[in-house]
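Here the sequence shown stands for residues 434 to 617, where the numbers follow our numbering.
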Amino acid sequence: MGDRSVVYHYCDFGDTQSTYPATILRNLFIQLLVSSTVEWIGDFEDLVLRKELRQSPPSGLSDLATLIVRASRGHQQVIIAVDALDECLSKDRSDLLECLRDLSEKDGISVFVTSRREQDIWEIFHDLPFISLTEQEESIKGDIQTYIATQLRKDKNLAKFPDKVKDEISETLLKKADGMSVLV
């Protein structure tokens with residue numbers, strides 16, 4: 434049996450495919466299979482048969498969550514990390530949130546989620562341990578401001594801009610650098 438495995442998915446707002454709940458769960462499942470130290474083909478003959486018959490793989494979220502649980506049996510501990518969960522469109526994520534919550538309650542599986550504090554996400558995970566970066570907001574904002582100022586000064590292309598434009602760039606980036614919460 435494998436030791437610990439971390440499987441990870443980043444929800445990239447620029448790549449809408451990466452924000453679909455089925456894509457997220459499929460990606461996590463595949464990573465579990467690849468990282469498994471045991472021979473898993475026998476445990477997933479049903480999937481191999483589907484492929485041979487040119488049938489589409491399971492796409493229902495509950496089916497995919499079941500596959501993740503089955504694949505996790507080849508590991509002592511599985512840590513599922515989903516980064517930027519808030520980038521999933523609200524209309525698509527309620528079932529995903531339920532699946533992630535259910536997975537977090539399975540033996541041997543831990544779920545780590547990063548997200549802005551969106552109401553639906555907070556409601557599902559509010560009773561679990563979390564780290565709020567909001568409390569560190571001023572410190573983080575200062576770090577971001579220092580980084581932006583350094584880049585505007587050191588980058589040859591950016592340094593050419595007038596101070597008024599640099600100030601506007603800095604102000605806009607600081608407004609967009611919204612605080613994030615980490616849910617574990």
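We put the CB at the ideal spot given by N, CA and C, even for glycine.
Note that this is a predicted model, so its numbers are computed, not measured.
Query, Result
"Candidates Ser-469, Ala-517, Asp-525, Asp-516, of which the one nearest Ile-501 by Cα", "Ser-469"
"Segment limits, alpha helix (DSSP H) that includes Thr-579", "570 to 587"
"Terminal residues of the beta strand (DSSP E) in which Phe-446 lies", "Run containing Phe-446: none; DSSP gives neither H nor E here."
"Rounded distance between the beta-carbons of Val-544 and Ile-513, thought under 8 Å", "5 Å"
"Proximal residues to Ser-505 (C-beta, below 7 Å), its chain only, five neighbours per side dropped", "Leu-465, Val-511, Gly-541, Ile-542"
"Stretch pair the segment 550 to 562 + the segment 522 to 531: three plus CB contacts closer than 8 Å", "yes"
"Separation of Cys-521 from Arg-436, as counted between CA atoms", "The residue asked about is misnamed: residue 436 is Asp in this sequence, not Arg. Going by the C-alpha atoms only, they are around 31 Å apart."
"Ala-498 burial status per 10 Å Cβ neighbour count (16 or more: buried)", "buried"
"When Asp-596, Leu-461, Asp-560 are compared against Leu-585, the one with the closest alpha-carbon", "Asp-596"
"Status (buried if at least 16 other CB within 10 Å, exposed otherwise) for His-508", "buried"
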